[in-house]
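In this note's numbering, the protein residues as written are 4 to 90. C-beta atoms are modelled at their ideal positions from N, C-alpha and C, and glycine is treated no differently.
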């Protein structure tokens with residue numbers, strides 16, 4: 004079993020026109036620790052400036068740990084959560 008990280012990188016979710024913005028907020032989590040997810044499932048909503056975006060699960064597995072609280076700030080590339088996978 005291994006852990007897959009959930010991080011918001013430029014090439015995944017971060018809007019291209021917000022390259023100069025480095026911080027965002029987790030508006031809400033759609034999952035809790037222990038929730039089973041499938042790769043691509045929306046697991047959180049984030050707010051970057053005035054844009055709300057869904058963050059997809061990068062792998063199939065179980066949410067192991069949420070590292071940023073709702074309304075918590077994070078920076079581009081930070082790990083938001085860990086997903087335990089069977090790989």
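Taking each of 49, 60, 50, 78 in turn and checking the Cα distance to residue 88, the smallest one comes out for 60. From the listed residues 37, 26, 50, the smallest Cα separation to residue 84 is found for 37. Here the alpha carbon of residue 68 sits roughly 13 Å from the alpha carbon of residue 33.
Shown here, residue 64 sits in a strand according to DSSP, grouped into three states. Nearest to residue 77 by alpha-carbon distance, out of 25, 7, 6, is 25. DSSP places residue 58 within a strand segment (E or B) once states are collapsed to three. Under the three-state reduction of DSSP, residue 70 is assigned to coil, being neither helix nor strand. The Cβ atoms of residue 56 and residue 46 lie no closer than 8 Å to each other.
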